[in-house]
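Colleague: Take 38 as the starting number for the sequence shown in our numbering and just add one per residue.
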Amino acid sequence: MKVKNLCLVMSVVVVTLLAATSIGLALDQQPLIYYSFDEISEDVVNDESGNGRIALLEGGVQWTKDGYRNGALVFDGIDGFVRLPDNVARHLDNMTIALWVKLSSNPMWARVFDFQGSKGFMYLTLNAGAPEGRTRFSIYVGNPDTEPILSIPADTFELDKWYHIAVTASDTEYAFYVNGEQMATLPVAHAPREIGSDVVMANYLGKSQFEDPYFHGAMDEFYLFAEALTEAEIKELSSR
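The structure is reproduced here in structure tokens:
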């Protein structure tokens, strides 16, 4: 009887381990940047991808233990933001940016992220003035006539509720995901690298390049990949 029970327990353990391994291996791509925000040391955010791209907390942004998954950052909507390293998009033909967000308010044009280069900028707002009442992901390189605008309804996002959001840029299309579900696509007009290089430390989470409102809410589990993840990979990432 004891032998039978032991065999049963071992079988369950093996199956569980195999399942966990399959989940872990479902996402093959390695991130260029990964900020879990689980620990902050003297306003420095460590890059857990192993690539050494640390970020810096500025103004009214605070760490909290009550994130979506362990620690997170809380942005006051007044002057809090995160400064990322230079040139994070410089060589990116394709990319994925993914993170968890929770809005305390959603002022028009407040940025989730905004990366500036020598030729343009790339940004995401969850409440755009144009198109009104919608989100806006864009890669702008100097000509508004060729600016792609990928958007979904802004009221997709309720206040004080966590959402996993992701935007991808492949060779052929941009895509917007919420909680692992593809919400919108748009043919590619510009690759991320086309915004050019920069040396001005103007890559932000929670802050615009312009005099727009600051992000007001919380962010957790930020990823930047140098590939456009598939819908299945985005879904797996959102389920972690």
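Glycine included, C-beta positions come from ideal geometry on N, C-alpha and C.
For A147 and F252, which I take to be in contact (beta-carbon distance under 8 Å), what is that distance rounded to the nearest angstrom?
Modeller: That belief holds up - the Cβ atoms of A147 and F252 are roughly 5 Å apart, short of 8 Å.
Colleague: If we call anything under 8 Å between Cβ atoms a contact, is A109 one with A255?
Modeller: Yes, the Cβ-Cβ distance between A109 and A255 is below 8 Å.
Colleague: Taking the alpha-carbon of S73 as reference, which of G87, Q66, F213 has the nearest alpha-carbon?
Modeller: Cα-wise, what sits closest to S73 is G87.
Colleague: Determine, using beta-carbon pairs with one atom in the region 117-124 and one in the region 87-99, whether at least three such pairs fall under 8 Å.
Modeller: Touching, per the Cβ criterion.
Colleague: Could you name the residues that DSSP lists as bridge partners for L187?
Modeller: Answer is F174.
Colleague: Quick one: complete alpha helix (DSSP H) runs, 4+ long, within the region 140-167?
Modeller: Complete alpha helix (DSSP H) runs here, min 4: none at all.
Colleague: By how many angstroms is the C-alpha of E268 removed from the C-alpha of A126?
Modeller: The alpha-carbon atoms of A126 and E268 are separated by roughly 22 Å.
Colleague: Quick check on T222: does DSSP put it in helix, strand or coil?
Modeller: Here T222 sits in strand by DSSP.
Colleague: Would you say G104 and D257 are within 8 Å of each other, going by their C-beta atoms?
Modeller: Yes; because the gap between Cβ atoms is below 8 Å, this pair is in contact.
Colleague: Quick one: Cα of Q219 to Cα of G166, how far?
Modeller: Cα to Cα, Q219 sits roughly 23 Å from G166.
Colleague: Would you mind sorting T172 into buried or exposed? The rule is 16 or more other CB atoms within 10 Å of its CB.
Modeller: Counting Cβ neighbours within 10 Å, T172 comes out buried, since at least 16 surround it.
Colleague: Using a 10 Å radius around the Cβ and a threshold of 16 neighbouring Cβ atoms, would you call T133 buried or exposed?
Modeller: Answer is buried; the Cβ neighbour count reaches 16.
Colleague: CB E231 to CB T222, shorter than 8 Å?
Modeller: No. Outside cutoff.
Colleague: Could you compute how far the alpha carbon of E30 sits from the alpha carbon of T101?
Modeller: Any question about residue 30 goes unanswered here, given that the chain covers just 38 to 277.
Colleague: Ends of the alpha helix (DSSP H) at L121?
Modeller: That residue, L121, is in no alpha helix (DSSP H); it is neither H nor E in DSSP.
Colleague: Residues in the same chain with beta-carbon distance under 8 Å from E85, minus the five sequence neighbours each way, listed in chain order, please.
Modeller: Excluding positions up to five away in sequence, the list reads Y71, Y72, S73.
Colleague: Name the one or two DSSP bridge partners that D257 has.
Modeller: Partner(s): W137.
Colleague: Per DSSP, what kind of secondary structure is A269 in: helix, strand or coil?
Modeller: Here A269 sits in helix by DSSP.
Colleague: Let me know if S234 comes out buried or exposed under the rule of 16 or more other beta-carbons within 10 Å of its beta-carbon.
Modeller: Looking at its Cβ environment, which holds fewer than 16 other Cβ atoms inside 10 Å, S234 is exposed.
Colleague: Which of the three DSSP states, helix, strand or coil, is assigned to I91?
Modeller: Residue state, collapsed to three classes: coil.
Colleague: Closer than 6 Å by C-beta to H201: which residues in its own chain qualify, once you throw out the five before and the five after it? Chain order, please.
Modeller: If we look at H201 and ignore the five residues flanking it on each side, its Cβ neighbours are W137, N216, S275.
Colleague: Sort D130, G97, F150 by Cα distance to V225 and report the nearest one.
Modeller: Checking every option, the nearest Cα to that of V225 belongs to D130.
Colleague: My guess is that G96 and D116 are in contact by the Cβ rule of under 8 Å, so how many angstroms apart are they, rounded?
Modeller: Their Cβ separation, rounded to whole angstroms, is 4 Å, which keeps G96 and D116 in contact under 8 Å.
Colleague: Go through its chain and collect everything with a Cβ distance to Q246's Cβ below 7 Å, but skip five positions before and after it.
Modeller: Around Q246: D151, Q153, F158, A239.
Colleague: Just curious, the beta strand (DSSP E) that Y200 is in, first and last residue?
Modeller: 199-206 is the span of the beta strand (DSSP E), which, as asked, contains Y200.
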